[in-house]
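Okay, structure first, notes after.
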Amino acid sequence: MSVTWQETHRIIDDVKLFCREAGDGPPLLVLHGVDGGEGVLPFHDGLAERFRVLAPSLPGFGRSELPGWMDSVDDLAYFLLDLLEGLGGETDVLGIGFGGWAAAEMAVRSQERLRRLVLADAVGIKVSGRESADIADTLVLHHDEAARLAWHDPAAAAGMRWPGAPGLGEAELAGVLHGLQTVSLLGWKPFMHNPKLLRRLRRIAIPTLILWGESDRVASPDYGRAFHRAIPGSRFQLIPRAGHYPHRERPDAFVRAVTTFLEERA
Amino acid sequence: MLAYHFTEMPYPFLPEDAEQRYGSLRIILPNKHFDPKIGHELYNRYLDEHEYAEELGLEIMLNEHHQTATCIDAICNISAAALIRRTQRAKILLLGNPLPHRENPLRVAEEVAMLDVISGGRIISGFVRGVGSEIHPANTNPAQNRERFEEAHDLIIKAWTTHEVFHWEGKHFHFRYANPWPRPYQQPHPPIWITGSTPDNVPWVADHQYTFATFLTPWDVARRLFDIYRARSRERGFPEPGPDKFAYLALCYTGETDARAQDEAKKLLWYLQRTRPPGFFQPHGYQPAAALARALSDTAKYTRSWEKLQADGVVLCGSPDTMIRRVREMHERLGVGHFLMMNQAGFMTAEETRRSMELFAREVYPAIRGLGEPQCADR
């Protein structure tokens, strides 16, 4: 079944946010990670068969502008809460990777407009000691090195848009770099986490699924279990044969896990 | 024209496969490969060469880099302190202090002021953003590099020119009782120089009428940058900028004959031949995405041929007569009043470095010294 996507611009806090929207059903906000912000992927289509999907390019990614005042995930979380406020009612939120960090920061601030939460291979918390990194620094890596770390099957990563990817032209590369620049701005130090977030996760009282690629070597499944332990009543689920980007590597299993959870809790 | 002696103070005595094994001599080359005894000899050798530069009538230029074998001058204010009490006349150009990477800009204000006071006003205070490979050692946000630079700059200038206690609550820096002692010997403050290799910051430098320095930039590019400075100055109603506002750094070697110089100068290439992994040299956010995409797509900068490097003016080498001709050409094409000479790199020995410096000072410098402004020429 083919899905028709609409490209829209929403104005939130005077910022023009570029969005893709499709499907019918309960509203679902999809927040991308460092790998995305442009383009519709098969998992988007899969979700749009069951939900009214709203997939923005986060500010500073793709065609969405980055306002001068936004320089932290804290700013981003409040901005996204304003987006939900504008939608009215309650919205399910799926955050992937970096987008999962933003989703968790939204939820600890206010769940008034959040119905249920799915965090997939999310970053944002600090679990281990001061001399070890929970989150691999893929920002310094070339496409092939990043693929080895981030994918269960690195050969399947060939089409991923990342610096050094084969066949990536200058204009397309500039688009990718635009997003990575925003990742740097928002997540440089502390690297990809907020030291306060882990403790605050206990505030999350809505149904929450922690979904993780079994072979994730950017942020390990054990790191995912730390989210699970910190969020009361949350469920933890692994996706086999997938790395840090299960939505790309195993789109069918990913969509199934998300829809099963959300429909079960309907 | 003033000529400055410069070396990055390299530590080249590494396992042959070091670069291949670690991917770079910067940032991630473990410091187990630094032998403090060799380091002791190298620091003293390089500092001796700077003292010798003064003896020869040259000025002194220092810089700094962090976590790298290519430059063990990790803190230029420290090498300046070591030189000030051993020299009497030479200007000491710090080019420079990497402002975005310092947590407390008032410390920079104090350090530079102290050097200026001890030296009796011989300091030229360069402020730099730090090249991309300085981001990870300092772990400062690359996307905020420029705004940190500008705020730190504003704070330091305020500290040097406001002779009262003041308050600062900026975006990056906060002080309730800013009042650094000492203040500089040169009033209101030492000359300020800024570096650059793209047009991005040139208008800002021109607006402040600071000296703009560019390093190892092909002359046609350098000329464009200097012309942007000139045009901006006219736009803003400043007097036509003279040679004192422009500085150029080249890899330099003066030999007995052209043939010998061509041969011996090749040791300088060590500096350019190092690998530069983009993840560490061009961190995301350090420059605009479009500029980075262009840079990543163009890797020619460090793979230019020996002939091309000389044609571009990045390498200047030859007999004294050739050097006179080349420096005159540089002055004509660029209008620079400050000639920054990277006289040493890699494995170039102390003897080779000194011989080249001597030949330059004895046979080249007198012939080119009068180029440029009188205030530059007869100090």
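Quick note, the sequences are listed as chains A and B, same order. According to our numbering, the first sequence is numbered sequentially starting from 1. According to our numbering, the second sequence is numbered sequentially starting from 267. Each residue gets a CB set at the ideal place from its N, CA and C atoms; glycine is no exception.
query                                                                                                                                                                                   : result
So that I know if they touch, is there some Cβ in chain A lying closer than 8 Å to that of Asn407/B?                                                                                    : yes
Of all Cβ atoms in chain A, is any one closer than 8 Å to the Cβ of Ala561/B?                                                                                                           : no
Express the C-alpha separation of Glu501/B and Ala643/B in angstroms, rounding to a whole number.                                                                                       : Because the pLDDT at Ala643/B is just 42, under 50, the model does not fix this residue reliably, and the point stays unresolved.
Would you please state the rounded distance, in angstroms, between the beta carbons of Leu349/B and Ser391/B? I believe it to be under 8 Å.                                             : Not confirmed; about 15 Å, so no contact.
Short of 7 Å in beta carbon distance, which residues of its chain neighbour Arg645/B, apart from the five on each side in sequence? Order them along the chain.                         : In this predicted model, Arg645/B has a pLDDT of only 41, less than 50, meaning its place in the structure is not dependable enough to derive any value.
Sort Lys298/B, Glu413/B and Arg442/B by Cα distance to Ala425/B and report the nearest one.                                                                                             : Arg442/B
Does the beta carbon of Ala643/B sit closer than 8 Å to a beta carbon anywhere in chain A?                                                                                              : Unreliable placement is indicated for Ala643/B, whose pLDDT of 42 sits below 50; the coordinate value is still reported in the next sentence. Judged by the 8 Å Cβ criterion, Ala643/B is not in contact with chain A.
Counting only beta-carbon atoms, is His244/A nearer than 8 Å to chain B?                                                                                                                : no
Which value, in whole angstroms, describes the spacing of the CA atoms of Met596/B and Arg217/A?                                                                                        : 53 Å
Considering only their Cβ atoms, is the gap separating Thr569/B from Glu285/B smaller than 8 Å?                                                                                         : no
Could you check what DSSP says for His44/A in three-state terms: helix, strand or coil?                                                                                                 : helix
Could you work out which residue in Glu145/A, Leu94/A, Pro56/A and Ala147/A is closest to Asp121/A when comparing CA atoms only?                                                        : Leu94/A
With C-beta atoms as the reference, is Leu83/A less than 8 Å away from Ile12/A?                                                                                                         : yes
Phe61/A by DSSP, collapsed to three states: which one?                                                                                                                                  : coil
Looking at Leu482/B and Ala513/B, is the spacing between their C-beta atoms short of 8 Å?                                                                                               : no
How far does the alpha helix (DSSP H) with Glu275/B in it reach, from first residue to last?                                                                                            : Note that residue 275/B corresponds to Met in the displayed sequence, not to Glu. Counting along the chain, Met275/B falls outside any alpha helix (DSSP H), and DSSP gives it neither H nor E.
What's the gap between the Cα of Gln410/B and the Cα of Leu119/A?                                                                                                                       : 29 Å
Do you know how far the Cα of Gly37/A is from the Cα of Arg203/A?                                                                                                                       : 29 Å
Got a sec: is the Cβ-Cβ distance from Pro163/A to anything in chain B below 8 Å?                                                                                                        : yes
Are Ile338/B and Tyr270/B touching if we call contact CB-CB under 8 Å?                                                                                                                  : no
What in chain A is Cβ-close to Gly551/B, meaning under 7 Å?                                                                                                                             : Gln181, Ser184 and Leu185
Which parts of the segment 99-176 of chain A are runs of the alpha helix (DSSP H), unbroken and 4 residues or longer, counting only runs that do not cross its ends?                    : 143-150
Distance check for Thr477/B and Thr459/B, CA to CA, integer angstroms please.                                                                                                           : Residue identity check: residue 459/B is Trp in the sequence provided, not Thr. Going from the Cα of Trp459/B to the Cα of Thr477/B covers about 5 Å.
Who are the Cβ neighbours of Gln6/A in its own chain at under 8 Å, not counting the five residues just before and after it?                                                             : Arg20, Glu21 and Ala22
So, Lys126/A versus Leu198/A, is the Cβ gap smaller than 8 Å?                                                                                                                           : yes
Hey, how far is the Cα of Asp587/B from the Cα of Pro465/B?                                                                                                                             : 34 Å
When DSSP labels each residue in this structure, what does Lys16/A get in the three-state scheme?                                                                                       : strand
Indicate the three-state DSSP secondary structure (helix, strand or coil) for Gly362/B in the structure shown.                                                                          : strand
Any contact of the segment 137-154 of chain A with the segment 237-256 of chain A, i.e. 3+ C-beta pairs under 8 Å?                                                                      : yes
Tell me whether Glu112/A is buried or exposed, calling it buried when 16 or more other Cβ atoms sit within 10 Å of its Cβ.                                                              : exposed
Per the contact definition of three or more C-beta pairs closer than 8 Å, is the segment 353-368 of chain B in contact with the segment 406-422 of chain B?                             : yes
Assign Asn329/B to one of two classes, buried (16 or more other C-beta atoms within 10 Å of its C-beta) or exposed (fewer than that).                                                   : buried
Which word fits Trp520/B, buried or exposed, when buried means at least 16 other C-beta atoms lie within 10 angstroms of its C-beta?                                                    : Checking the displayed sequence, the identity of residue 520/B turns out to be Thr instead of Trp. So Thr520/B counts as buried.
Taking contact to mean 3 or more Cβ pairs, one atom from each stretch, closer than 8 Å, check whether the segment 177-187 of chain A and the segment 540-559 of chain B are in contact. : yes
Here's the rule I'm using: 16 or more other beta-carbon atoms within 10 Å means buried, otherwise exposed. How should Gln539/B be labelled?                                             : exposed
Could you tell me which chain A residues have their CB closer than 9 Å to the CB of Pro544/B, listed as they occur along the chain?                                                     : Val140, His142, Pro163 and Gly164
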